[in-house]
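Beneath this line is the structure, given in structure tokens, with notes to follow.
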Amino acid sequence: INKPASFRPTRGVPTEETSLNHKMIFSMTAAAVFLSSSIVEAELMQYIVQYKNELGRSLAQALDDPPHQKISSEYATIMEPYKILSVVATEEDIDILKNSENIDRVEKDYNVSIGPIIPTDPEVSGAAPDEQTPYGIDMVQAPELWNVEQKSTITVCVVDTGYGLGHEDLPDGSHSVDGWHDLSGKFGRWDVDGNSHGTHCAGTIGAVGQNSMGVTSVNPDPTKFKFFIGKGLGDSGSGSMSNVLAAVSNCEMNGAKVISMSLGSSGSDSISDKFFGKIYDKDILIIAAAGNTGSTGNFYPASYKNVMSVAAVDQNKKKASFSTYNS
């Protein structure tokens, strides 16, 4: 018995029932793919690893997420003296590392970022015409040291978003300014600052004095010091602690005696704490911003025991309302 034509499916023309089934299958597949992708993203996290030996280093690098391996390998080479590297891995793989006798410790690689630049009104006090002196310069008695003869030129390292090489009021290539950025290109070049925060901080430290422009600084004579720039943060003003550690390690390798970091995070880890202790033991002064939270919360790396924490005061030498402070 032949069925009525209306009940016969025609090849290549789906019926209402088959269309509904296809839509359900497509929806379920799309949902599964989305769920699967979400699970993968949730499982992949960035960690700092301190290994004991080459077996530990090899294990950590083998478990690292492939897209992260290039920058991880570079950081591992830079921080080899400290046996530190960063990995992006699943919680399951991290458990393997934590249970390995060749791994010292594994901790979260916290995100760090700059604080907002708080505008201040500079006061002119003995600077060249049209050159302003921010009130903090006299407050820290910097001018009293400007005429002191130095035995040698010191290197000051700024770890931040980069440096505006060619800025009219900053030391340039003729003053041996140099720097580091990761070879992966993740954050761009050290001598390009797409954020301006790093350039601003460098200007506070070493803007050229007596040039009738811009501002003067703590060290206005570029012949008495040289900058080394560590591009530890991207142009967005953020990065991970492992980025910062790699930049600081490069500062140390390039002879820095002072390292300045106007950045931080509320998160801390013992690997970074130990790292800064080793840098300090090499007679390097490490300075970091206390933070601009207006509270008493800890801010790292400023709150590590071997780092000098610098807060802010106003023109009346009172604690600035935005500054993080000790309780």
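Mapped onto this note's numbering, the consecutive letters of the sequence shown carry residue numbers 35 to 361.
Each residue gets a CB set at the ideal place from its N, CA and C atoms; glycine is no exception.
Are three or more beta carbon pairs between the region 301 to 321 and the region 220 to 240 nearer than 8 Å? With fewer than three CB-CB distances shorter than 8 Å, the region 301 to 321 does not count as touching the region 220 to 240.
Measuring straight from C-alpha to C-alpha, what distance separates residue 83 and residue 89? For the pair residue 83 and residue 89, the Cα-to-Cα distance works out to about 13 Å.
Beta strand (DSSP E) segments (min. 3 residues) lying fully within the region 218 to 298: Counting only runs of 3 or more, we get 259 to 265, 272 to 274, 290 to 295.
Checking 9 Å against the spacing of the C-beta atoms, do residue 301 and residue 339 come in under that value? At least 9 Å separates the beta-carbon of residue 301 from that of residue 339.
Taking the C-alpha atoms as reference points, what is the distance between residue 244 and residue 167? C-alpha of residue 244 to C-alpha of residue 167: approximately 11 Å in a straight line.
How would you call residue 299, buried or exposed, if buried means at least 16 neighbouring beta carbons within 10 angstroms? So residue 299 counts as buried.
At what residues does the beta strand (DSSP E) containing residue 81 begin and finish? Counting along the chain, the unbroken beta strand (DSSP E) around residue 81 starts and ends at 79 to 85.
Keeping to the same chain, check which residues put their C-beta closer than 6 Å to that of residue 322; ignore five residues upstream and five downstream. Taken in chain order, the residues that qualify are 295, 335, 336, 341.
Using alpha carbons as the reference points, say which of 189, 212, 246 lies closest to residue 198. Comparing alpha-carbon positions, the option among 189, 212, 246 lying closest to residue 198 turns out to be 212.
Are the beta-carbon atoms belonging to residue 118 and residue 271 less than 9 Å from one another? Their beta carbons are not under 9 Å apart, which means residue 118 does not touch residue 271 by this criterion.
Can you tell me the Cα-Cα spacing of residue 354 and residue 81, whole angstroms? If you draw a straight line from the Cα of residue 354 to the Cα of residue 81, it comes to about 35 Å.
Do you know how far the Cα of residue 251 is from the Cα of residue 345? Spanning the alpha carbons of residue 345 and residue 251 requires a straight line of approximately 18 Å.
Considering Cα atoms alone, identify which of 307, 256, 120 is closest to residue 206. Per the Cα distances, 256.
Please report the distance separating the alpha-carbon of residue 105 from that of residue 120. When rounded, the distance between both Cα atoms is 9 Å.
Status (buried if at least 16 other CB within 10 Å, exposed otherwise) for residue 286: Residue 286 is buried by the Cβ-count criterion.
Cβ-based burial, residue 186 [other Cβ within 10 Å; buried from 16]: When all chains shown are included, residue 186 counts as exposed.
Assuming residue 212 is part of the beta strand (DSSP E), what are its boundary residues? Under the DSSP assignment, residue 212 falls in the beta strand (DSSP E) whose first and last residues are 212 to 214.
To the nearest angstrom, how far is it from the Cα of residue 297 to the Cα of residue 326? Whole-angstrom Cα-Cα distance: 10 Å.
Rounded to a whole number of angstroms, what is the C-alpha to C-alpha distance between residue 253 and residue 176? Their backbone Cα atoms lie some 8 Å apart in a straight line.
Just curious, the alpha helix (DSSP H) that residue 131 is in, first and last residue? It spans 125 to 132 - the alpha helix (DSSP H) in which residue 131 sits, taken as one unbroken run.
Assign residue 63 to one of three DSSP states: helix, strand, or coil. Note that residue 63 scores a pLDDT of 40, beneath 50, so its modelled location is shaky; the value from the coordinates is reported in the next line. Taken through DSSP and simplified to helix, strand or coil, residue 63 comes out as helix.
Just tell me which of 87, 112, 178, 173 has its CA closest to the CA of residue 373. Limits of the chain in this structure are 35 at one end and 361 at the other, which puts residue 373 out of reach.
Smallest Cα separation from residue 110: which of 276, 289, 324, 183? Just measuring C-alpha positions, the residue of 276, 289, 324, 183 sitting nearest residue 110 is 276.
Just verifying my parser: in three-state terms, what is the DSSP assignment at residue 305? Reduced to three states, the DSSP call for residue 305 is helix.
So the candidates are 289, 242, 246; which of them puts its Cα closest to the Cα of residue 388? Beyond the ends of the chain as shown, which are 35 and 361, falls residue 388; an answer cannot be given.
Taking all protein chains shown into account, decide if residue 330 is buried (16 or more other Cβ within 10 angstroms of its Cβ) or exposed. Burial call: exposed.
Given this structure, state the Cα-to-Cα distance separating residue 138 from residue 313, to the nearest angstrom. In this structure, the CA atom of residue 138 is about 19 Å from the CA atom of residue 313.
On the criterion of 16 or more Cβ atoms from any shown chain inside 10 Å, does residue 129 qualify as buried, or is it exposed? Per the 10 Å Cβ criterion, exposed.
Supposed close pair residue 214, residue 281 - CB separation, criterion 8 Å: So it is a contact: roughly 6 Å between Cβ atoms.
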